[in-house]
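Chains as they are written, first to last, in the numbering used here: chain Y, 1 to 141; chain H, 1001 to 1141. Ideal placement from N, C-alpha and C gives every residue a C-beta, glycine not left out.
Protein chains: 2
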Amino acid sequence: MESEELRNVGLKVTTPRLKILSLLENASEKHMTAETIYRQLGESGEVIGLATVYRALAQFEAAGLVTRHQFDGGQTVFELERGPHHDHIVCVRCGRVEEFYDKVIEERQRVIAAQLGFTLSDHALTLYGECNDPACRESKA
Amino acid sequence: MESEELRNVGLKVTTPRLKILSLLENASEKHMTAETIYRQLGESGEVIGLATVYRALAQFEAAGLVTRHQFDGGQTVFELERGPHHDHIVCVRCGRVEEFYDKVIEERQRVIAAQLGFTLSDHALTLYGECNDPACRESKA
DNA sequence: TTGCACATGAGAATTATTCTCATGTAGGAT
DNA sequence: ATCCTACATGAGAATAATTCTCATGTGCAA
Ligand SMILES: [Mn+2]
Ligand SMILES: [Mn+2]
Ligand SMILES: [Zn+2]
Ligand SMILES: [Zn+2]
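#1: Can you tell me whether V13 (chain Y) is buried or exposed, with buried defined as 16 or more other CB within 10 angstroms of its CB?
#2: Taking just the CA atoms, how far does E61 (chain Y) sit from D87 (chain Y)?
#3: Under the criterion of a Cβ to heavy atom distance below 6 Å, does R1137 (chain H) qualify as lining ligand 4?
#4: Shorter than 7 Å from the beta carbon of L1125 (chain H) to some beta carbon of chain Y?
#5: With hydrogens ignored, establish whether the beta-carbon of E81 (chain Y) is closer than 6 Å to any heavy atom of ligand 1.
#6: Indicate whether at least one CB of chain Y lies closer than 7 Å to the CB of V1053 (chain H).
#7: For a contact defined as C-beta to C-beta under 7 Å, what are the partners of F1100 (chain H) on chain Y?
#8: Quick check on V97 (chain Y): buried or exposed, where buried means 16 or more other Cβ atoms within 10 Å of its Cβ?
#9: Could you work out which residues of chain Y lie near R1108 (chain H), taking near to mean beta carbons separated by less than 7 Å?
#10: Taking 6 Å as the line, does the beta carbon of D133 (chain Y) fall inside it for any heavy atom of ligand 3?
#11: DSSP state of A141 (chain Y), grouped into three classes?
#12: Whole angstroms are fine: how far does the CA of G1083 (chain H) sit from the CA of E43 (chain Y)?
#13: For L1127 (chain H), which residues of its own chain have a beta-carbon under 6 Å away from its beta-carbon, when the five flanking residues on both sides are left out?
#14: Of the residues that make up the region 1034-1068 of chain H, which ones have a beta carbon closer than 7 Å to any beta carbon in chain Y?
#15: Is the shortest distance between the beta-carbon of G1129 (chain H) and the beta-carbons of chain Y less than 7 Å?
#16: Classify V104 (chain Y) as helix, strand or coil using the three-state DSSP reduction.
#17: In whole angstroms, what separates the C-alpha of R137 (chain Y) from that of E99 (chain Y)?
#18: Just the Cα atoms here: how many angstroms apart are S30 (chain Y) and E79 (chain Y)?
#19: Classify E107 (chain Y): buried if its beta carbon has 16 or more other beta carbons within 10 angstroms, exposed otherwise.
#20: Using the beta-carbon of each residue, which ones in chain H are nearer than 9 Å to L120 (chain Y)?
#21: What's the call for G1010 (chain H), buried or exposed, on a 16-neighbour Cβ count within 10 Å?
#22: Less than 7 Å separating the beta-carbons of L1050 (chain H) and K1019 (chain H)?
#23: Which value, in whole angstroms, describes the spacing of the CA atoms of A1034 (chain H) and G64 (chain Y)?
#24: By the three-class DSSP mapping on this structure, what secondary structure does C1136 (chain H) have?
Quick look at the structure:
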């Protein structure tokens, strides 16, 4: 139950929070902007203030329920933090997002941080390219 | 000469462009925000419109003279594209930025993109952590 | 059941960046 | 050297994303 998740992180169980969580849970695209969440909730009759969406997402992030990504160009996207850590590759044509995890890269990051005298706490890795969709392949320039 | 660089990429040689390039060249911190560039130029008597700074940086980026980075939290920073590609590690306490290059990571990225059916065109990797400065080490939380 | 700390909605405010437009100028052609 | 014109600039308005303010509502511990 999503109510549990909220209680576990010390947040009151409210309708807006539950709606946002369950939208993130069920939406077809798991990486969503605050604006999209706001709009989709509105369309399905659940009108919630945009400021509330931003507030809730920030709280979810602080609580570790959600992660935030800033892909080049586009606006900030959020996703439910279920399952293990992963990074992303984004199609520069259609915007499609795929996820991946690479043990070697993760390991190298730790080594590099240590070498430079840093205590690693986080990282952001995003690859950009053209995906294998026919429409994306036939672009000029 | 910086005039050469501008001509080579098909941009007219103008005072604002030269000033911005030479500031990027000589500044103590090589990763600078548009705002900082604007302010530092102003302080040294070279008043240039902020819009011009943004425009020039965008053109330099398009021409490959400059790269743009979006570190978490802070605003966009620019740096002169001299020397080979590298990624960054940022101290979450003091904001210090160090650079690194890791052949293994670069190589893995290519493999991963290929596996996912993408033609890799770019990537952004930034590590975050606490640097070895005494002041940064003694923070609580 | 009540009290109150916390949450919400609406809109204003803020911040970073881009756009508009009137004016200036680099640099190729003459 | 002078001219012409496409491109560049500055100032401020405009935009877009996000955050803040504040009056009002509500979860939930006592
Ligand atoms: Mn993801
Ligand atoms: Mn750098
Ligand atoms: Zn694509
Ligand atoms: Zn530090």
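Walking through what the data contain:
#1: Taking the first sequence and counting its residues from 1, one reaches residue 13 (chain Y) at position 13. Looking at its Cβ environment, which holds fewer than 16 other Cβ atoms inside 10 Å, V13 (chain Y) is exposed.
#2: Residue mapping note: residue 87 (chain Y) aligns to position 87 of the first sequence, counting from 1. Residue mapping note: residue 61 (chain Y) aligns to position 61 of the first sequence, counting from 1. The straight-line gap from Cα to Cα measures roughly 17 Å.
#3: Within the second sequence, residue 1137 (chain H) is the residue found at index 137, counting from 1. No, the beta carbon of R1137 (chain H) sits no closer than 6 Å to any heavy atom of ligand 4.
#4: Residue mapping note: residue 1125 (chain H) aligns to position 125 of the second sequence, counting from 1. Yes, L1125 (chain H) counts as interfacial toward chain Y.
#5: What you label residue 81 (chain Y) is simply residue 81 of the first sequence in a count that begins at 1. E81 (chain Y) has its CB no nearer than 6 Å to any heavy atom of ligand 1.
#6: Within the second sequence, numbered from 1, the residue matching residue 1053 (chain H) stands at position 53. No, V1053 (chain H) lies away from the interface with chain Y (no Cβ there is under 7 Å from its Cβ).
#7: Working through the second sequence from its first residue, we reach residue 1100 (chain H) at position 100. Taking a Cβ-Cβ cut-off of 7 Å, the neighbours of F1100 (chain H) in chain Y comprise I112 and L116, given in sequence order.
#8: Numbered from 1 along the first sequence, position 97 holds the residue referred to as residue 97 (chain Y). Taking every protein chain shown into account, the CB of V97 (chain Y) has 16 or more other CB atoms within 10 angstroms, so this residue is buried.
#9: For the purposes of this step, residue 1108 (chain H) is identified with residue 108 of the second sequence, where counting begins at 1. In chain order: D102, V104 and I105.
#10: Sequence index remark: in the first sequence, residue 133 (chain Y) carries index 133 (1-based). Indeed, a heavy atom of ligand 3 lies less than 6 Å from the Cβ.
#11: The sequence position of residue 141 (chain Y) within the first sequence is 141, counting from 1. For A141 (chain Y), the predicted model reports a pLDDT of 46, less than 50, meaning its position is unreliable and no value from the coordinates is stated.
#12: As a working mapping, residue 43 (chain Y) is identified with position 43 in the first sequence. As a working mapping, residue 1083 (chain H) is identified with position 83 in the second sequence. E43 (chain Y) and G1083 (chain H): Cα-Cα distance of roughly 51 Å.
#13: Mapped onto the second sequence, residue 1127 (chain H) falls at position 127. Within the same chain, L1127 (chain H) has close Cβ partners I1089.
#14: Cβ contacts with chain Y come from no residue of the region 1034-1068 of chain H.
#15: Sequence index remark: in the second sequence, residue 1129 (chain H) carries index 129 (1-based). It does: the Cβ of G1129 (chain H) has a partner Cβ on chain Y nearer than 7 Å.
#16: Within the first sequence, the letter at position 104 stands for residue 104 (chain Y). Here V104 (chain Y) carries a helix assignment [DSSP, helix/strand/coil].
#17: For the purposes of this step, residue 137 (chain Y) is taken as the residue at position 137 of the first sequence. For the purposes of this step, residue 99 (chain Y) is taken as the residue at position 99 of the first sequence. Cα to Cα, R137 (chain Y) sits roughly 20 Å from E99 (chain Y).
#18: If you number the first sequence from 1, residue 30 (chain Y) lands on position 30. If you number the first sequence from 1, residue 79 (chain Y) lands on position 79. One point to set straight first is that residue 30 (chain Y) is Lys, not Ser, in the sequence displayed. Roughly 6 Å separates the two Cα atoms.
#19: In the first sequence, the residue the question calls residue 107 (chain Y) occupies position 107. Label assigned to E107 (chain Y): exposed.
#20: Here residue 120 (chain Y) refers to the residue found at position 120 when the first sequence is read from its first residue. For L120 (chain Y), the residues of chain H that pass the 9 Å Cβ criterion are I1089, L1127, Y1128, G1129 and E1130, in the order they occur in the chain.
#21: Sequence index remark: in the second sequence, residue 1010 (chain H) carries index 10 (1-based). By the neighbour-count criterion, in which a residue is buried when 16 or more other Cβ atoms sit within 10 angstroms of its Cβ, G1010 (chain H) is exposed.
#22: Translated into the one-based positions of the second sequence, residue 1050 (chain H) becomes position 50. Translated into the one-based positions of the second sequence, residue 1019 (chain H) becomes position 19. Result no, Cβ atoms of L1050 (chain H) and K1019 (chain H) do not sit closer than 7 Å.
#23: Residue 1034 (chain H) sits at position 34 when you count from the first residue of the second sequence. Residue 64 (chain Y) sits at position 64 when you count from the first residue of the first sequence. Answer to the nearest angstrom: the Cα atoms are 32 Å apart.
#24: By one-based count along the second sequence, residue 1136 (chain H) stands at place 136. DSSP places C1136 (chain H) in helix when its eight states are reduced to three.
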